[in-house]
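Numbering (full-length UniProt numbering), first residue to last: 1 to 183.
Worksheet for the structure shown next.
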Amino acid sequence: MALSDDTTSATAILKSALALASYHRDKDHSHADRLKIAALRALASSTQGTIGADESIRHVAAGMLLCTLEIYQISAASSHWLWYVCGSKKIIKSAKLDEIAQSNDTTTLIGWVHYCDVLSRFSLRHWQPNLLEDAGSTIGAHFEPFRPAVCAEAQACFIYTPLSLNFTNLTRGSARSSNRPSA
């Protein structure tokens, strides 16, 4: 996907993959942070005009690579990786990617998003329930709606909008800002 064409969404995938590789390769993570910023900028610029299924798939791929990077960079006080999962789910739902016939790669990518969603549900319910919104009502007798508070801001947005908070902090030179939501 990253090398399939020269669109800005393909560039976002490439920059996301390079950021993840750079994080693992270098002890100084500033290069990974710069690549992450470049990926976020490419995602933001690729939203100009109409976005079709192919562009949406690329956005999900870039988002999940950035999610993985955020998980590796995570500190005890960060839940930013959830923004990527929530944003990817929103794109899949909005573009109806799980309803249309797709390649095995796309099916695997969507499966990855759902896998991370399940992991986030388990992790938050059992280890950080304070990150869940106050549900107020139950569904059935034993289930509550799953709504991470960190994703509540992103309900009407795609991946890059809630990330703009993190993006702003990174562009100001503070890669690991103290403005992160507390866990």
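Yeah, the Cβ is synthetic: ideal placement off N, Cα and C, and Gly gets one too.
Given this structure, state the Cα-to-Cα distance separating residue i from residue j, to the nearest angstrom.
i           : j           : result
residue 49  : residue 121 : 34 Å
residue 66  : residue 108 : 17 Å
residue 184 : residue 127 : Here the chain covers residues 1 to 183 and nothing more, so residue 184 does not appear.
residue 26  : residue 79  : 23 Å
residue 4   : residue 106 : 14 Å
Assign residue i to one of two classes, buried (16 or more other C-beta atoms within 10 Å of its C-beta) or exposed (fewer than that).
i           : result
residue 124 : buried
residue 28  : exposed
Measuring alpha carbon to alpha carbon, tell me which of the options ends up nearest residue i.
i           : options          : result
residue 2   : 95, 79, 97, 54   : 54
residue 111 : 126, 72, 88      : 88
residue 30  : 58, 73, 10       : 73
residue 38  : 64, 11, 56, 24   : 11
residue 94  : 71, 56, 103      : 56
residue 21  : 103, 70, 90, 104 : 70
Quick test of your reading: residue i and residue j, contact by CB under 8 Å. State the CB separation rounded to the nearest angstrom.
i          : j          : result
residue 13 : residue 62 : 5 Å
residue 42 : residue 8  : 5 Å
residue 17 : residue 36 : 11 Å between Cβ atoms; not a contact.
Discussion item. Using a Cβ distance threshold of 8 Å, determine whether the stretch 111–125 contacts the stretch 79–89, with at least three qualifying pairs required.
Written reply: Three or more Cβ pairs closer than 8 Å define a contact, and the stretch 111–125 meets that threshold against the stretch 79–89.
Worksheet item: Hey, is the stretch 28–48 in contact with the stretch 91–99, meaning 3+ C-beta pairs nearer than 8 Å?
Response: no
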